[in-house]
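*Asks:* I'd like to ask some things about the structure below.
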Amino acid sequence: MVVRGDVVVAVSNSGETDESLQLLPTFTRLGVRLISLVGNPQSTLARQSDVVLDVRVAEEACPMNLDPTASTTAALAMGDALAVALLERCGIRAEDFAFIHPGGALGRKLLLNVEDLCTGRTRCRA
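Shown next as structure tokens:
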């Protein structure tokens with residue numbers, strides 16, 4: 001669900017995918033910011049984006065240069081770089097990760113200490 005004030009990150013190699021383009025009027029109406037990761041910076045999607053991240057590749061790993069292989073890897077790497085940049089800019093700390101991932105392995109790794117592992121008369125598992 002996209003609401004006013006959101007930022008949308010759109011990924012499209014061509015920047016002309018019908019599914020993506022059909023959403024553009026809604027994004028405009030809601031006034032959301034649009035960041036696009038595209039292989040074609042002159043595409044419709046790129047032209048209507050607030051921020052364009054060029055993830056084009058010289059050729060796909062597919063022998064016919066058709067199947068998105070290298071381009072999906074480039075988009076994934078750029079998405080990771082964007083996430084890390086935002087993490088640093090926003091000052092996210094390990095404690096913040098633990099707070100939003102309390103039940104997963106990450107939360108357990110960050111939140112637990114020896115005292116947490118030892119309860120009452122039970123033996124310490126540390």
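In this text, residue positions in the sequence shown follow the working numbering: the first is 1, and each later residue adds one.
Cβ coordinates follow ideal geometry from the N, Cα and C atoms, glycine included.
Does the segment 64–80 come into contact with the segment 6–17, if we say contact requires no fewer than three beta-carbon pairs (one atom in each stretch) closer than 8 Å?
*Replies:* These segments touch.
*Asks:* Buried or exposed for Gly91, going by 16 or more other Cβ atoms inside 10 Å?
*Replies:* Gly91 should be labelled exposed.
*Asks:* Which of the three DSSP states is assigned to Leu66 in this structure?
*Replies:* Correct three-state label for Leu66: coil.
*Asks:* Go through its chain and collect everything with a Cβ distance to Leu21's Cβ below 7 Å, but skip five positions before and after it.
*Replies:* Once the five neighbours on either side are set aside, the close Cβ partners of Leu21 are Thr44, Leu45.
*Asks:* As an exercise, report each continuous alpha helix (DSSP H) stretch of at least 4 residues that is fully enclosed by the segment 6–88, in chain order.
*Replies:* Within the segment 6–88, the complete alpha helix (DSSP H) runs of at least 4 residues are 18–21, 24–30, 44–47.
*Asks:* If we count the other Cβ atoms within 10 Å of its Cβ and call it buried at 16 or more, is Val52 buried or exposed?
*Replies:* Under this definition Val52 is a buried residue.
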